[in-house]
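Everything below concerns the one structure shown next.
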Amino acid sequence: MVINDAKLVFDGDLDIRKSTKDIIIHHQGADAPQSVQQIHAYYLNRTDDNYLGIGYHYYIRKDGGIWRGRPENTVGAHSKNHNTDSIGICFEGNYQKETVMPAVQFNSGVELLRNILGRYPGLAIKKHKDYNATDCPGQYFPFDKMAVQAKTPVIPIPAGLKATPVSYNSIKLTWTAVSGITGYAVYRYSNTKRAYELIKQVTVNNVTDTGLAENTKYSYLICAFKLSGSVKTESGKTSVVSATTLVKPKTIGVGTKVKIVTANAVYGGASKGVKVPSSYKNKPYTVSQVGTAKVNPNQVLLKELYSWVYIKDIQIV
Numbered sequence: 476m477v478i479n480d481a482k483l484v485f486d487g488d489l490d491i492r493k494s495t496k497d498i499i500i501h502h503q504g505a506d507a508p509q510s511v512q513q514i515h516a517y518y519l520n521r522t523d524d525n526y527l528g529i530g531y532h533y534y535i536r537k538d539g540g541i542w543r544g545r546p547e548n549t550v551g552a553h554s555k556n557h558n559t560d561s562i563g564i565c566f567e568g569n570y571q572k573e574t575v576m577p578a579v580q581f582n583s584g585v586e587l588l589r590n591i592l593g594r595y596p597g598l599a600i601k602k603h604k605d606y607n608a609t610d611c612p613g614q615y616f617p618f619d620k621m622a623v624q625a626k627t628p629v630i631p632i633p634a635g636l637k638a639t640p641v642s643y644n645s646i647k648l649t650w651t652a653v654s655g656i657t658g659y660a661v662y663r664y665s666n667t668k669r670a671y672e673l674i675k676q677v678t679v680n681n682v683t684d685t686g687l688a689e690n691t692k693y694s695y696l697i698c699a700f701k702l703s704g705s706v707k708t709e710s711g712k713t714s715v716v717s718a719t720t721l722v723k724p725k726t727i728g729v730g731t732k733v734k735i736v737t738a739n740a741v742y743g744g745a746s747k748g749v750k751v752p753s754s755y756k757n758k759p760y761t762v763s764q765v766g767t768a769k770v771n772p773n774q775v776l777l778k779e780l781y782s783w784v785y786i787k788d789i790q791i792v
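Heads up, the sequence shown is in our numbering, so the first residue is 476 and it goes up one at a time.
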């Protein structure tokens, strides 16, 4: 995690915070983008209170950049009556109006919260409006999802993903199990959408993908996930693995074109055991009848020779 430092200069000495109980979440609340320097300048110019500069300890921009505000160990100026025992984090944007937070900004928020919680175990994560009469951080701020993910241990990426063709229309995926999770999400690459699509969610560390085309390459990746109520936390995704389905075995039936290929091939039927002349081999013949379990089993009658031969000695052409 990178914390950018704008080297802000405050208009006076900042008090050191003696205790820490909460992390309080805010949004910028303005429609126009603002840098940490602009927010700092705004508070320096306010005359309604002695802010000394930016009141937040951290400011997270929409591009995911994390900026230092006032030093983390000092008393903040962001939540009335709760500044002496809290750390304030502000997010760029107006989430009273904006319905979606950029993923990079959300992820940076989770990362920063995890970092702080790692150094201050047991802190509560609160909204500004939990303590003061305000809409902050906005009705569309993804607070619950962010708080849950911040308190959820990082889920490791499943290791050892392998793809193995099982048949002409199925591929089996296996990987090393991850403990303490809800399940795994399995993604297959879609050539039509040019993206990986979720195809299955499973609770075990293997899955067989069926209904595939024969002799076709398929690519996969997976991730682990954990559910906490309605909030879903995912690990990172694995590297891509690929496998090609097998060629569908061709069946021999009446009308199938074959040739005799085995060097020591012999006739079946009434001429059972008689060696097939070498001049008859590797020439095309047509199957006119297929033996049954009771009559000439594992044999076919070749129309042109009017002779039975063993299936093990022929090959489809």
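Just so it is clear, CB atoms sit at the ideal spot from N, CA and C, and this is done for glycine as well. Keep in mind that this is a model prediction, so the values were computed, not measured.
Inter-residue CB distance, residue i and residue j (contact presumed, cutoff 8 Å)
| i | j | result |
| --- | --- | --- |
| Y526 | H557 | Actually they are not in contact, since the Cβ atoms of Y526 and H557 sit about 16 Å apart, beyond 8 Å. |
| K712 | C698 | 5 Å |
| S561 | D497 | 4 Å |
| P628 | V653 | In fact, because the Cβ distance is near 11 Å, the residues do not count as touching under 8 Å. |
| M476 | I541 | 7 Å |
| T649 | N681 | 5 Å |
| V792 | V733 | 6 Å |
| T731 | D788 | About 14 Å separates the two Cβ atoms, so there is no contact after all. |
| K701 | I630 | 6 Å |
| Q764 | L776 | 4 Å |
| L598 | T495 | 6 Å |
Endpoints, the beta strand (DSSP E) within which residue i is located
| i | result |
| --- | --- |
| F700 | 692-703 |
| K637 | 637-642 |
| H502 | 497-502 |
| Y526 | Y526 -> no beta strand (DSSP E), and no H or E assigned at all. |
| F448 | Since the first residue shown for the chain is 476 and the last is 792, residue 448 is missing from the structure and cannot be characterised. |
| L648 | 645-649 |
| L777 | 774-777 |
| V706 | 706-709 |
Contacting residues, own chain, Cβ-Cβ under 6 Å from residue i (five flanking each side not counted)
| i | result |
| --- | --- |
| R589 | A625 |
| Q774 | G743, G766, W783, Y785 |
| I478 | I541, R543 |
| T685 | S645 |
Cβ neighbours of residue i in the same chain (closer than 7 Å, five flanking residues each side left out)
| i | result |
| --- | --- |
| V641 | K647, T683 |
| K747 | none |
| V677 | G658, Y659, V661 |
| A638 | I646, L648, Y695, V716, S717, A718 |
| K675 | V661, V682 |
| A552 | Y526, G530, N558 |
| T609 | H603 |
Residues sharing a beta bridge with residue i, DSSP
| i | result |
| --- | --- |
| G658 | F700 |
| I786 | Paired residue(s): none; I786 is not in a bridge. |
| T761 | K732 |
| L673 | Y662 |
| L687 | In the DSSP output, where bridge partners are listed per residue, L687 has none listed. |
| S717 | S694 |
| K601 | I499 |
| N681 | T649 |
| T549 | I491 |
| R543 | Y533 |
| N479 | W542 |
| V741 | K750 |
| I791 | V733 |
Residues near residue i in its chain [Cβ-Cβ closer than 8 Å; skip 5 each side]
| i | result |
| --- | --- |
| T719 | P640, N690, T691, K692, Y693 |
| L489 | L527, R545, P546, T549, V550 |
| Q580 | I535, R536, K537, D538, G539, F566, E567, G568 |
| Q513 | none |
| G728 | V762, V765 |
| N520 | none |
Opening and closing residue of the alpha helix (DSSP H) in which residue i lies
| i | result |
| --- | --- |
| E586 | 578-594 |
| K626 | 618-626 |
| H515 | 511-519 |
Practice prompt. Spell out a yes or no on whether the stretch 656-667 and the stretch 579-598 are touching, meaning 3 or more CB-CB pairs, one atom from each, closer than 8 Å.
Written response: no
Worksheet item: Counting pairs of beta carbons, one from the stretch 482-499 and one from the stretch 533-540, are three or more of them closer than 8 Å?
Response: Result no; under three Cβ-Cβ pairs closer than 8 Å.
Fill in: Cβ pair count under 8 Å reaching 3, the stretch 502-521 against the stretch 560-578
yes
Discussion item. Measuring CB atoms only, is the stretch 600-619 touching the stretch 506-521, in the sense that at least three cross pairs come out at less than 8 Å?
Written reply: Contact between the stretch 600-619 and the stretch 506-521 is not established, with fewer than three Cβ pairs separated by less than 8 Å.
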